[in-house]
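**Q**
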Amino acid sequence: MTKRNSCPKCQNQELLATEYQGETIDVCRGCGGLWFENMEVNRLIEEVNDGPIGECFSERFGDWIADTELDCPECNEHMTRHHLLENFHVEIDVCRQCNGSWIDKEELEAVEKSPVLKETLDHLNKKISWKTYLFQMLTAMPVEYNIKPQSKPWVNWSLIAINILIFLTYAANDSSMHYVLDNFAMIANEVSHGEKLYTLLTATFLHGGPIHLAGNMYFLFVVGDNIEDVLGHKKYLILYLLCGLGASLISMVAHIGSAIPALGASGAIAGLFGIYLVWFRNASLTFMFFFYQRKLAAAWFFAIWLGFNLLGALSGAMGVDYAAHIGGFLIGLGIGLATKEKIWEANPLVRLINSDFAQIKRT
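Okay, structure coming up:
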């Protein structure tokens with residue numbers, strides 16, 4: 009390889025020309041930093057993203073931060089430090105004299121993904137509108153701002169369809185409803201004595217009415233697609249069923265001796281809530297404070313949801329299985345925390361968007 013100029017970081021380490029993604033760039037073998045001459049960074053981004061990006065992306069670098077003491081390897085002028093993007097604050101060094109860019113080794117991944125980072129952050133930072141306001145006023149349901157899934161959530165859609173179809177089979181008349189509740193809802197007193205253990209799972213596919221069903225299916229629609237996208241179809245199905253089973257077990261323990269049927273997908277979905285707020289911590293959900301709507305971080309949204317459930321449980325309110333909600337949520341939270349690093353490692357865009365470098369606007 010041909011020796012080139014010195015590394016601006018190591019100074020006494022010469023840069024070596026090497027091939028990377030179809031471009032000849034200069035690399036420091038000491039620190040692993042890379043020097044991109046004029047327009048090379050744009051060609052790299054185009055190569056990684058399978059085609060033209062439609063703009064000179066180096067002109068989209070974020071705010072100037074400071075002048076640096078680092079000398080440009082090409083023209084020896086002092087470089088300036090910039091954020092990679094307006095809303096992604098990885099710091100890169102740029103020479104405005106020759107338009108070259110110095111990228112540290114650990115910054116390269118973000119540079120390569122900068123077009124999709126910009127697109128995703130623009131979506132996450134969209135302001136609420138009259139449409140989101142009207143939707144939540146009419147439905148009492150939040151609007152989600154998160155990464156768009158890269159794959160079709162076939163399992164999530166199937167779970168929603170199965171729940172709806174099952175409900176339609178018994179909702180039309182009282183006799184069908186009573187039969188289903190007697191045989192497939194979870195009755196703590198029976199299960200605790202080893203009877204009808206299958207109802208720990210079947211109960212999670214039953215609902216007491218159309219509003220109960222609609223609310224659960226909407227939240228499953230909102231959070232399930234992202235989790236399935238990063239986890240894969242089979243693992244997502246297993247995870248969903250485990251959360252539902254765990255929530256039912258906790259509900260059974262909390263209501264030992266009770267003959268009241270427990271049913272609903274909310275325990276399983278609560279498990280997804282716990283996972284979602286860990287894996288997608290920079291996602292936002294709208295919350296309505298009386299007539300005032302604003303975007304909240306996923307952690308704050310589900311903290312409020314958890315607070316209402318704890319209040320209901322402590323007050324002894326009837327009609328809602330708070331134990332299943334809280335238990336499912338804690339199960340999901342534990343799974344999310346235990347697997348976060350592995351999930352982020354396998355999904356670089358999710359890791360970058362949920363890093364501290366991403367600037368999320370919720371006002």
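This note's numbering numbers the first residue of the sequence shown as 9 and each following residue consecutively.
We put the beta carbon where it would ideally sit given N, CA and C, even for glycine.
Tell whether a beta-carbon distance below 8 angstroms holds between serine 266 and aspartate 329.
**A** It is not a contact, given that the beta carbons lie outside the stated cut-off.
**Q** Relative to the alpha-carbon of valine 358, which residue among Arg289, Leu338 and Gly335 has its alpha-carbon at the smallest distance?
**A** Valine 358 has its Cα closest to that of Arg289, out of Arg289, Leu338 and Gly335.
**Q** Suppose contacts are defined by Cβ-Cβ distances below 8 angstroms. Is isoleucine 150 in contact with phenylalanine 309 by that definition?
**A** Here residue 150 is proline; the residue named in the question, isoleucine, does not match the sequence. Going by C-beta atoms, proline 150 is nearer than 8 angstroms to phenylalanine 309.
**Q** Where do the ends of the beta strand (DSSP E) carrying methionine 296 lie?
**A** Per DSSP, methionine 296 belongs to the beta strand (DSSP E) from 292–297.
**Q** Return the residue from the list Thr294, Phe281 and Ser292 that minimises the CA-CA distance to alanine 332.
**A** It is Phe281.
**Q** Keeping to the same chain, check which residues put their C-beta closer than 6 angstroms to that of serine 184; ignore five residues upstream and five downstream.
**A** Excluding sequence neighbours, serine 184 sits near Tyr178.
**Q** Tyrosine 300 by DSSP, collapsed to three states: which one?
**A** Here tyrosine 300 sits in strand by DSSP.
**Q** So what's alanine 325 in DSSP terms, helix, strand or just coil?
**A** Alanine 325 falls in the coil class under three-state DSSP.
**Q** How big is the Cα-Cα spacing for glycine 41 and threonine 128?
**A** In a straight line, the C-alpha of glycine 41 is about 26 angstroms away from that of threonine 128.
**Q** Rounded to the nearest angstrom, what separates glycine 232 and alanine 169 at their Cα positions?
**A** Computed Cα separation, rounded: 13 angstroms.
**Q** Measure from the alpha carbon of glycine 336 to the alpha carbon of each residue in Ser292, Gly252 and Ala321, then state which is nearest.
**A** Per the Cα distances, Gly252.
**Q** Would you list the residues sitting across from alanine 25 in a DSSP beta bridge?
**A** Per DSSP, Asp34.
**Q** Taking 8 angstroms as the threshold (C-beta atoms), are proline 16 and isoleucine 78 in contact?
**A** According to the sequence as given, residue 78 is leucine; it is not isoleucine. Yes, Cβ-Cβ distance for leucine 78 and proline 16 is below 8 angstroms.
**Q** Leaving out five residues before and five after leucine 319 in sequence, what residues of the same chain have Cβ atoms less than 7 angstroms from its Cβ?
**A** So the list is empty, once near-sequence residues are dropped.
**Q** Tell me the rounded alpha-carbon separation between alanine 278 and glycine 344.
**A** When rounded, the distance between both Cα atoms is 12 angstroms.
**Q** Sorted by chain position, which residues of the same chain lie with C-beta nearer than 8 angstroms to histidine 86's C-beta, five sequence neighbours on each side aside?
**A** Counting only Cβ-Cβ distances below 8 angstroms, and skipping sequence neighbours, we find Asp75, Thr76, Glu77, Leu78, Asp79 and Cys80.
**Q** Within the same chain, show all residues whose beta-carbon is closer than 6 angstroms to that of glutamate 82, passing over the 5 residues directly before and after it, in chain order.
**A** So the qualifying residues of the chain are Cys106 and Gly108.
**Q** What is the C-beta distance between glycine 272 and asparagine 224, in whole angstroms, given that I count them as a contact (C-beta under 8 angstroms)?
**A** Indeed they touch by this definition, with Cβ atoms about 6 angstroms apart.
**Q** Just verifying my parser: in three-state terms, what is the DSSP assignment at aspartate 101?
**A** It is a strand residue.
**Q** Quick one: what does DSSP say serine 256 is sitting in, helix, strand or coil?
**A** Of the three classes helix, strand and coil, the one that applies to serine 256 here is helix, per DSSP.
**Q** Counting beta carbon pairs with one atom in the region 297–312 and one in the region 135–148, are three or more of them shorter than 8 angstroms?
**A** The region 135–148 is in contact with the region 297–312.
**Q** Starting from the C-beta of serine 159, find all residues in its chain whose C-beta is less than 6 angstroms away, skip the five residues before and the five after it, and write them out in chain order.
**A** Only Asp237 meet the Cβ criterion.
**Q** With DSSP as the reference, label histidine 220 as helix, strand or coil.
**A** Three-state result, histidine 220: helix.
**Q** May I ask you to report which of helix, strand or coil DSSP gives histidine 90?
**A** Of the three classes helix, strand and coil, the one that applies to histidine 90 here is strand, per DSSP.
**Q** Counting only runs of 3+ residues fully inside the region 149–187, write out the beta strand (DSSP E) ranges in chain order.
**A** Listed in chain order, nothing qualifies, since the region 149–187 has no complete beta strand (DSSP E) run of 3 or more residues.
**Q** Check the DSSP bridge columns for serine 14 and list the partner residues they point to.
**A** Paired residues: Glu22.
**Q** Can you name the start and end residues of the alpha helix (DSSP H) that aspartate 130 belongs to?
**A** That run of the alpha helix (DSSP H) goes 122–132.
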